[in-house]
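A.B. asks: Going by the working numbering, the letters in the sequence shown line up with residues 669 to 806, in that order.
I have a structure here, written as structure tokens, and I will follow up with some questions on it.
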Amino acid sequence: MAAAATGSPAPLPALDGRVALVTGGSRGIGREVSSQLAALGAGVVINYASDSAKASALAAELNAGTASSRAVAAQADVSDPSAVRTLFDRAEEAFGSPPHIVVACAGLLNPKRIGFRLTAAATPAPASTPLYMPSPLR
669 MAAAATGSPA
679 PLPALDGRVA
689 LVTGGSRGIG
699 REVSSQLAAL
709 GAGVVINYAS
719 DSAKASALAA
729 ELNAGTASSR
739 AVAAQADVSD
749 PSAVRTLFDR
759 AEEAFGSPPH
769 IVVACAGLLN
779 PKRIGFRLTA
789 AATPAPASTP
799 LYMPSPLR
């Protein structure tokens with residue numbers, strides 16, 4: 669087994685001038701990813717499915733104290749190819765560039781089914797719902 673690394677981890681690179689799209693970007697892991705990307709200097713498109721209040725609040729939080737907009741909220745169902753195209757258009761509209769970074773954090777599980785009642789037959793959506801992206805990314 670390899671020895672544990674010593675010292676501090678390498679610093680994360682600055683992302684100034686980069687644009688990130690985070691699906692499911694307003695809650696849970698997606699929220700943390702959105703926050704970290706903005707802290708590193710990226711413009712962040714915070715995608716959400718239904719809770720505009722959480723997404724807008726996070727965008728306002730990330731934009732607080734900055735001279736220019738660092739985050740925007742954008743609603744879209746990432747299982748719909750045309751909606752995903754709209755997300756890419758929104759990134760270009762807000763930040764002047766399509767996304768350089770795409771992070772898929774959108775979840776499709778119904779939280780009421782999590783636990784012992786969860787079965788593969790009861791929740792096929794995550795396994796069968798792809799994230800559609802325009803290709804190729806520039």
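Don't be surprised by glycine CBs; every beta carbon is placed ideally from N, CA and C.
(1) Let's see if you can read the secondary structure: which residues bound the alpha helix (DSSP H) around V752?
(2) What distance in whole Å lies between the Cβ atoms of L689 and A706, which are believed to be in contact at a cut-off of 8 Å?
(3) DSSP state of A744, grouped into three classes?
(4) What did DSSP end up calling L689 once you bin it into helix, strand or coil?
(5) Run the proximity test for G764: is its beta-carbon closer than 7 Å to any non-hydrogen atom belonging to the ligand GTP?
(6) On the three-state DSSP scale, how would you describe G733?
(7) For the beta strand (DSSP E) holding G675, just list the boundary residues, first then last.
(8) If we ignore side chains and look at the alpha-carbon of each, how far apart do A744 and L755 end up?
(9) Is DSSP giving P679 helix, strand or coil here?
(10) I'd like the span of the alpha helix (DSSP H) that includes A626, first residue to last.
(11) On the DSSP bridge assignment, give the partners of V713 in chain order.
(12) Going by Cα to Cα distance, which pick from S694, F763 and D719 is closest to A772?
C.D. replies: Concretely, from the data shown:
(1) Taking the first residue of the sequence shown as position 1, residue 752 is located at position 84. Counting along the chain, the alpha helix (DSSP H) containing V752 begins and ends at P749 to F763.
(2) Counting from one through the sequence shown, the residue named residue 706 turns up at place 38. Counting from one through the sequence shown, the residue named residue 689 turns up at place 21. Incorrect: roughly 13 Å between the Cβ atoms, too far for contact.
(3) Taking the sequence shown and counting its residues from 1, one reaches residue 744 at position 76. If DSSP states are grouped into helix, strand and coil, A744 belongs with coil.
(4) Position 21 of the sequence shown holds residue 689. The answer is strand: DSSP assigns L689 an E or B state.
(5) This structure does not include the ligand GTP; it has no bound ligands of any sort.
(6) For this step, residue 733 is matched to residue 65 along the sequence shown. In this structure, G733 counts as coil in the three-state DSSP scheme.
(7) If you number the sequence shown from 1, residue 675 lands on position 7. Segment: none, G675 is in no beta strand (DSSP E) and carries neither H nor E.
(8) Here residue 744 is taken as the residue at index 76 of the sequence shown, counted from 1. Here residue 755 is taken as the residue at index 87 of the sequence shown, counted from 1. If you take the alpha carbons of A744 and L755, they lie about 7 Å apart.
(9) As a position in the sequence shown, residue 679 is number 11, starting the count at 1. Reduced to three states, the DSSP call for P679 is coil.
(10) This structure leaves residue 626 out entirely; the chain is present only between 669 and 806.
(11) Reading the sequence shown from its first residue, position 45 is the one you call residue 713. Partner(s): L689 and V740.
(12) Taking the sequence shown and counting its residues from 1, one reaches residue 772 at position 104. The candidate whose alpha carbon is nearest that of A772 is S694.
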